[in-house]
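Step one of this worksheet: look at the structure below.
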Amino acid sequence: MAEQIVPTTHAHDGEIVVFHIGMTFRKWYRPDLWGPVFAAMPKMLAELERNKAAAARGEEEDLGFLGATTLFGGKGPWVVQWWRSTEHLYSYASSADNAHLPAWRAFNKAARKSPGAVGIWHETYAVPAGHIETFYGNGATIGLGAITGTVPVGRRGRKARERLGSATAASGDVVAPATTSADAGSVRVS
Numbered sequence: 001m002a003e004q005i006v007p008t009t010h011a012h013d014g015e016i017v018v019f020h021i022g023m024t025f026r027k028w029y030r031p032d033l034w035g036p037v038f039a040a041m042p043k044m045l046a047e048l049e050r051n052k053a054a055a056a057r058g059e060e061e062d063l064g065f066l067g068a069t070t071l072f073g074g075k076g077p078w079v080v081q082w083w084r085s086t087e088h089l090y091s092y093a094s095s096a097d098n099a100h101l102p103a104w105r106a107f108n109k110a111a112r113k114s115p116g117a118v119g120i121w122h123e124t125y126a127v128p129a130g131h132i133e134t135f136y137g138n139g140a141t142i143g144l145g146a147i148t149g150t151v152p153v154g155r156r157g158r159k160a161r162e163r164l165g166s167a168t169a170a171s172g173d174v175v176a177p178a179t180t181s182a183d184a185g186s187v188r189v190s
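First residue of the sequence shown? That's 1 in the UniProt record's numbering, and the numbers climb one at a time after it.
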């Protein structure tokens, strides 16, 4: 029997926060000014990934970070992050025990000395449970599906409007989040 690739959708249930954060190189010829801002994000992401792994092992309190994707555009890099809730995001951002607050303070100090050298921005989207729709076909899993795992698309509805606001998928149907598989996001049925 021929192998069939079944389209998938995200496995995540519940609310989610999508957080975009980025920087713009206003004075690209001054890496001495924008370099520290650029270098701060990988440190924060590493801290969040370490916490996620430690929390999964029961060694630390979960900060609520689900995962991230780094993108590069014409005006500079940005990161899309997924969080369990706005409370988790704001708690991380305001805690002196985490990397963000010291980096934010350093940026503000540098920005006062060299205004206009680098721009930073963020956007926060709090998405209520049942208001997320995703589709991953032929192994093309990115974003939420890559971070939280996938389920066969039929579990939530064959059409996008059916999946938006659909009922919870059965927990036994979840495909683990993708790692490096070229077929991540597709369920293979023989």
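Note that beta-carbon positions come from the ideal geometry of N, C-alpha and C, so glycine has one too.
Since the model is a prediction, treat every value here as computed from it, not as a measurement.
Checklist entry - Considering W78, what are the terminal residues of the beta strand (DSSP E) in which it resides? => result Where W78 is concerned, the enclosing beta strand (DSSP E) stretches over G76 to W83.
Next on the checklist: Just to confirm my understanding: we take G100, look at its own chain, exclude 5 residues before and 5 after, and list those with CB closer than 7 Å. What are they?
Outcome noted: In the sequence as presented, Gly is not what sits at residue 100; that position holds His. Closer than 7 Å at the Cβ level, and outside the excluded window around H100, lie M44, Y92 and A93.
Checklist entry - In chain order, what residues of the same chain have a beta carbon less than 7 Å from the beta carbon of H10, not counting five sequence neighbours either side? => result I132, T134, L144, G145, T148 and T150
Item to check | Neighbour-count burial assignment, A169, 16 or more Cβ in a 10 Å radius | outcome: In this prediction, A169 scores a pLDDT of 39, lower than 50, which makes its location untrustworthy; the coordinate-derived value is nonetheless stated afterwards. Per the 10 Å Cβ criterion, buried.
Next on the checklist: Between the alpha carbons of G139 and N108, how many angstroms are there, rounded?
Outcome noted: 42 Å
Checklist entry - Any idea what DSSP makes of D173, helix, strand or coil? => result Because the pLDDT of D173 is 48, which lies under 50, any placement of that residue in the model is unreliable, and the question is left without a value.
Checklist entry - If you check the beta carbons only, do F19 and E123 fall under 9 Å apart? => result Yes, they are a contact pair.
Checklist entry - Taking C-beta to C-beta, are L33 and A103 nearer than 9 Å? => result no
Checklist entry - With 16 other CB atoms within 10 Å as the buried threshold, where does F72 fall? => result exposed
Checklist entry - What residues are listed by DSSP as bridge partners for G73? => result BP columns for G73 point to G76.
Next on the checklist: Just to confirm my understanding: we take E60, look at its own chain, exclude 5 residues before and 5 after, and list those with CB closer than 7 Å. What are they?
Outcome noted: N51 and A54
Checklist entry - Can you tell me the Cα-Cα spacing of P7 and A68, whole angstroms? => result 23 Å
Checklist entry - How big is the Cα-Cα spacing for S85 and V17? => result 6 Å
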